[in-house]
Amino acid sequence: MTSGTERWAWAEVDLDAIAHNVSSVARQVSPADVWAVVKANGYGHGAVSVATAALEAGAAGLCVALTHEGIALRQAGIDAPVLVLSEQPPSHAAALIEHRLTPTVYSPTGVSALVDAGADRLGVHVKVDTGMLRVGAAPATVDAVLAAVDAAGSALRVAGVFTHLPIADEPDDEFTARQLEQFDSIVAALGLDDDVLVHTANSAGALAHPDARRTLVRLGIAMYGVSPGAGVDDLCSDLRPAMSLHSRVSFVKRVEAGSRISYGLRHRFDRETTVATLPIGYADGVPRRLFDVGGAVLLGGRHRPIVGVVTMDQLMVDCGDDPVSFGDEAVLIGAQGGERIRAEEWAEALGTIGYEIVCAISGRVPRRYHAGV
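In the working numbering, the protein residues as written are 48 to 420.
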């Protein structure tokens, strides 16, 4: 007897692919270290499992976006360095200290919160904004942040300085070169100790800009085998996609020519055909607009077009006159029968990025992990 929680929709995560991608990039960027970015639940792949695989493959540290993401890693028994990439609310300071997380600071307020919470020889990373205009100390305010850290005495120490590159996936753009030049000038003027970590490169920067690698690289989307952008696709040939998305046929029916289907009745069949229903929908992370952009799934080793808008819990595909049976496996992202659908294909069709596709696979889709297969 089953518990009633098993779904005919699931994601498979290949931890060997994670390990391969970490090792592959580590070889390219050596002697820089690789720190694995596992924010947003490991880009939808599962933060703890991915972090464990990445560390075993040689990653020297981890990066998260939020305090509770770092706490979850600690509660899972992970002792590696964990950098929280943005300044957190002052109320989080005690938790950051308690769980031995490495905070990012870029304002005197952020520094004061850590001191007031009882920090003792706590290493912090200072983020400098060199053009992203999201968060970080502006070049003119870096000295004030460093002065606040110095004034904290033994409570805090500068363990790292970093910036972020917004268009590193466009290798020929001069903006990245100007960012790096400005960052180098700032770092040189700070007179930092030799053991301070200096980092600028995300996945695209690590792959496309060798001069951005510095002490370490923050390996995010490339670790999951998804390209950071079309401009660096040719640099991702050795990467293996780690996630695939699956479902099973829950209903099969013949429909007559002229029939219309799904909400809005927007698709009309021009012939009699077989339609298969899959119990996976936009609440699971399959974009509702996938029908509008010609989306398909793999079923029986062939591309089967989605017909009608994707609904919250289900979608339908046109199987023509080919045989299809209740329980047959379908692949939405991944490979079947020599054919493949990549997350990047969905992203290109929908006018977005591969990051959004994998991060959007919702928590109600079970993850099945495998390694050593």
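For every residue, glycine included, the Cβ atom is placed at its ideal position computed from N, Cα and C.
For residue i, the first and last residue of its enclosing beta strand (DSSP E)
i	result
Pro352	349–352
Tyr416	414–417
Leu286	Where Leu286 is concerned, there is no enclosing beta strand (DSSP E), given that its DSSP letter is neither H nor E.
Gly170	169–174
Val405	Run containing Val405: none in the beta strand (DSSP E); it sits in the alpha helix (DSSP H), 401–406.
Gly410	Where Gly410 is concerned, there is no enclosing beta strand (DSSP E), given that its DSSP letter is neither H nor E.
Gly108	108–111
Gly117	First-last for Gly117: 114–122, but that is the alpha helix (DSSP H), not the beta strand (DSSP E).
Ala215	No beta strand (DSSP E) contains Ala215, which DSSP labels as neither H nor E.
Phe298	298–302
Residue i versus residue j: straight-line alpha-carbon distance, rounded
i	j	result
Val158	Ala107	25 Å
Leu337	Leu266	29 Å
Arg204	Leu143	15 Å
Phe373	Glu134	51 Å
Ala382	Pro352	16 Å
Gly347	Cys366	9 Å
Val340	His92	25 Å
Val333	Val175	36 Å
Ala112	Leu132	5 Å
Asp190	His146	28 Å
Close-in-space but distant-in-sequence residues of the same chain around residue i (CB under 7 Å, 5 per side omitted)
i	result
Leu282	Leu254, Ala255
Arg335	Tyr329, Val356, Val357
Val243	Val205, Ala206, Gly207, Val208
Glu116	Lys86, Ala94
Gly170	Thr149, Arg204, Ala206
Leu397	Pro334, Arg336, Val340
Range of the contiguous alpha helix (DSSP H) that encloses residue i
i	result
Ala100	94–103
Pro159	As written in the sequence, residue 159 is Ser, which differs from the Pro given in the question. Counting along the chain, the alpha helix (DSSP H) containing Ser159 begins and ends at 155–163.
Arg74	62–76
Met377	The sequence as given places Ala at residue 377; Met does not occur at that position. Careful: Ala377 lies outside any alpha helix (DSSP H), inside the beta strand (DSSP E) at 376–383.
Asp190	189–198
Trp82	No alpha helix (DSSP H) contains Trp82, which is instead part of the beta strand (DSSP E) from 80–84.
Ala394	390–397
Residue i - DSSP class collapsed to helix/strand/coil
i	result
Leu227	helix
Ser138	helix
Met270	helix
Trp55	coil
His256	coil
Phe338	coil
Glu386	strand
Ser133	coil
Gly311	helix
Val234	helix
Val357	coil
Ala323	strand
Nearest residue (CA-CA) to residue i, options the options
i	options	result
Arg121	Val95, Ser274, Ala199, Glu103	Val95
Gly384	Val344, Arg147, Tyr402	Val344
His314	Ile327, Asp280, Leu362, Arg349	Leu362
Val192	His172, Val84, His211, Thr177	His172
Val296	Ala73, Trp82, Pro326	Pro326
Gly410	Asn88, Trp393, Met359, Val152	Asn88
Ala304	Val60, Tyr310, Phe316, Glu386	Phe316
Ile400	Ala127, Val273, Arg181, Met290	Val273
Ala199	Lys300, Ala160, Glu217	Ala160
Ser294	Gly311, Ala377, Ile308, Gly238	Ala377
Leu379	Ala79, Asp163, Trp393, Asp219	Trp393
Glu403	Gly276, Leu286, Val371	Gly276
Residues near residue i by beta carbon distance below 6 Å, same chain, minus five either side
i	result
Val364	Ala323, Val344, Arg351, Ile353
Val76	Ala253, Arg260, Val264
Beta-carbon proximity list for residue i, same chain, < 8 Å, skipping 5 on both sides
i	result
Ala259	Leu212, Ala215, Thr223, Leu227, Thr247, Ala248, Gly252, Ala253
Asp331	Ala56, Asp360, Ile408, Ser409, Arg411, Val412
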